[in-house]
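Step one of this worksheet: look at the structure below.
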Amino acid sequence: MEKAKVYYTNLKTSFQENLPQKLERLIKTAGIENIDFKNKYAAIKIHFGEPGNLAYLRPNYAAVVVNVIKALGGKPFLTDCNTLYVGGRKNALDHLDAAYQNGFSPFSTGCHVIIADGLKGTDEALVPVDGGEYVKEAKIGQAIMDADVFITLNHFKGHEATGFGGALKNIGMGCGSRAGKMEMHSAGKPFVETERCIGCGRCIKICAHDAPTITDHKAAIDHDKCVGCGRCIGVCPADAVQAAGDESNDILNKKIAEYSKAVLVGRPNFHISLVIDVSPNCDCHSENDIPIVPDVGMFASFDPVALDMACADAVNKQPVIANSQLDRMPHVHGDHFCDSAPTTNWRVCIEHAEKIGIGTSKYELIEI
0 MEKAKVYYTN LKTSFQENLP QKLERLIKTA GIENIDFKNK YAAIKIHFGE PGNLAYLRPN
60 YAAVVVNVIK ALGGKPFLTD CNTLYVGGRK NALDHLDAAY QNGFSPFSTG CHVIIADGLK
120 GTDEALVPVD GGEYVKEAKI GQAIMDADVF ITLNHFKGHE ATGFGGALKN IGMGCGSRAG
180 KMEMHSAGKP FVETERCIGC GRCIKICAHD APTITDHKAA IDHDKCVGCG RCIGVCPADA
240 VQAAGDESND ILNKKIAEYS KAVLVGRPNF HISLVIDVSP NCDCHSENDI PIVPDVGMFA
300 SFDPVALDMA CADAVNKQPV IANSQLDRMP HVHGDHFCDS APTTNWRVCI EHAEKIGIGT
360 SKYELIEI
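The sequence shown begins at 0 in numbering that gives the first Met the number 0 and counts up one residue at a time.
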């Protein structure tokens, strides 16, 4: 496979060009205008940031992408799926509140926010994964699959389970419904934290397999009957139903790659990554530690695998910021992400994505 083109620009500005203008020039040079957006619904997958986290991408960057797509005749919307864990984005109403709180509104970005998997994270499309080793049918937020064009705007940063979060993480994990996220994170099936359970019975009503039961006002799940769909997680008002969270990080990375394939196949897609505020952990945290390396720049490509590889290489060339999490860890791997989170190996996701035909890790870096 020939090298993919990855376009890059640094963060230096001038009196003639600010950062939003530079981002616009980057994505146009990278070829976003070659996509037919005319009267097409365009999903822009982004992370709105967990309330309390300040490392997420500013909405100003999203507005640039929105305006370019609208100028090309498209109908863009910003989107993400609900979270599996307890937090500020576990249902569509809280998720929208978080997005607005962090500045993502039609007034600031020029388009609407749609939570792709619906009110409780159960609005999903079942998408076959051709060649999937771990996932045969991915559970993807319905609104994302309804879009004609798929765009990602990624905050490239560290991650405690996958090494880093870039394009593939934003696509695969980010586009999974709550049941899809459970499938990626877990080898097992959901269980009930009995101290949280209020005995409301909603898990019983949603289950098609009679797996939950209630005894003495506390629910329990029969794993012999449970199929692991995760719908009980979505409907529980007390967050008592939890995913097992027992999958190995390597298999988690491979499942993310396979979910990414489900999202991307069959429609135009384009990907943008900003390597800024490179926090050691995901934007899903309600806090962010100081960056592990200095800001690098902005990248864009039609190939998300090459894009992630280029961003990872760029980060690994950077010096370590003093007193960061990375600075406090032993430097034994020769790799910033593996040193920062030693139980991870981010290359597994890249290699698996390449194996199943999403893209290539070989790239030509074109600086503008």
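Glycine included, C-beta positions come from ideal geometry on N, C-alpha and C. Note that this is a predicted model, so its numbers are computed, not measured.
The beta strand (DSSP E) that contains residue i, what's its start and end?
| i | result |
| --- | --- |
| residue 363 | 362-366 |
| residue 300 | 296-300 |
| residue 140 | 136-140 |
| residue 370 | The chain is shown from 0 up to 367; residue 370 falls before or after that span and cannot be answered. |
| residue 156 | 156-158 |
Can you find the residues in the same chain that come closer than 8 Å, C-beta to C-beta, to residue i, ignoring five residues on each side of it along the sequence?
| i | result |
| --- | --- |
| residue 173 | 44, 46, 79, 80 |
| residue 282 | 46, 48, 49, 52, 54, 55, 154, 156, 164 |
| residue 185 | 227, 242, 243, 244, 245, 246 |
| residue 353 | 304, 359, 360 |
| residue 313 | 7, 274, 295, 296, 298 |
| residue 204 | 234 |
Can you tell me whether residue i is buried or exposed? The criterion is at least 16 other CB atoms within 10 Å of its CB, across all chains shown.
| i | result |
| --- | --- |
| residue 0 | exposed |
| residue 209 | exposed |
| residue 285 | exposed |
| residue 351 | buried |
| residue 349 | buried |
| residue 215 | exposed |
| residue 307 | buried |
| residue 336 | buried |
| residue 122 | buried |
| residue 3 | buried |
| residue 207 | exposed |
| residue 13 | exposed |
| residue 16 | exposed |
| residue 188 | buried |
| residue 223 | exposed |
| residue 29 | buried |
| residue 221 | exposed |
| residue 85 | exposed |
| residue 343 | buried |
| residue 33 | exposed |
| residue 197 | exposed |
| residue 363 | exposed |
| residue 116 | buried |
| residue 182 | buried |
| residue 257 | buried |
| residue 70 | exposed |
| residue 265 | exposed |
Please list, in chain order, all residues of the same chain as residue i whose beta carbon is under 7 Å from its beta carbon, the five residues on each side excluded.
| i | result |
| --- | --- |
| residue 290 | 276, 277, 278, 320, 323 |
| residue 235 | 201, 202 |
| residue 124 | 139, 141, 144 |
| residue 166 | 151, 153, 270, 272, 303, 306, 307 |
| residue 22 | 60, 63, 297 |
| residue 193 | 217 |
| residue 357 | 256, 259, 260, 263, 303, 304 |
For residue i, which residues from the same chain have a beta carbon less than 6 Å from its beta carbon, with the 5 sequence-adjacent residues on both sides left out?
| i | result |
| --- | --- |
| residue 330 | 338 |
| residue 73 | 36, 39, 41 |
| residue 252 | 161, 347, 348 |
| residue 159 | 280, 340 |
| residue 136 | 125, 127 |
| residue 233 | 119, 120, 121, 177 |
| residue 9 | 296 |
| residue 98 | 47, 112 |
| residue 268 | 149 |
What are the boundary residues of the alpha helix (DSSP H) that residue i is part of?
| i | result |
| --- | --- |
| residue 23 | 18-28 |
| residue 58 | 58-70 |
| residue 54 | Where residue 54 is concerned, there is no enclosing alpha helix (DSSP H), given that its DSSP letter is neither H nor E. |
| residue 123 | Counting along the chain, residue 123 falls outside any alpha helix (DSSP H), though it belongs to the beta strand (DSSP E) covering 123-127. |
| residue 184 | 177-184 |
| residue 94 | 91-100 |
| residue 173 | 166-174 |
| residue 31 | Where residue 31 is concerned, there is no enclosing alpha helix (DSSP H), given that its DSSP letter is neither H nor E. |
| residue 88 | Careful: residue 88 lies outside any alpha helix (DSSP H) and carries neither H nor E. |
| residue 204 | 201-205 |
Based on DSSP bridge pairs, tell me the residues matched to residue i.
| i | result |
| --- | --- |
| residue 269 | 150 |
| residue 108 | Looking at the DSSP assignment, residue 108 forms no beta bridge with any residue, so it has no partner. |
| residue 132 | DSSP output for residue 132 lists no bridge partner at all. |
| residue 43 | 77, 150 |
| residue 4 | 363 |
| residue 274 | 296 |
| residue 113 | 78 |
| residue 163 | 157 |
| residue 191 | 240 |
Can you find a heavy atom of the ligand SAM that lies under 7 Å from the Cβ of residue i?
| i | result |
| --- | --- |
| residue 174 | Of ligands this structure carries none, so the ligand SAM is not represented either. |
ask   = Hey, which unbroken runs of the beta strand (DSSP E) at 3 residues or more fall wholly within the stretch 209-264?
value = 211-214, 217-220
ask   = What residue ranges within the stretch 288-354 form continuous alpha helix (DSSP H) runs of no fewer than 4 residues, ordered along the chain?
value = Runs of the alpha helix (DSSP H) inside the stretch 288-354: 303-315, 324-327, 335-339, 346-354.
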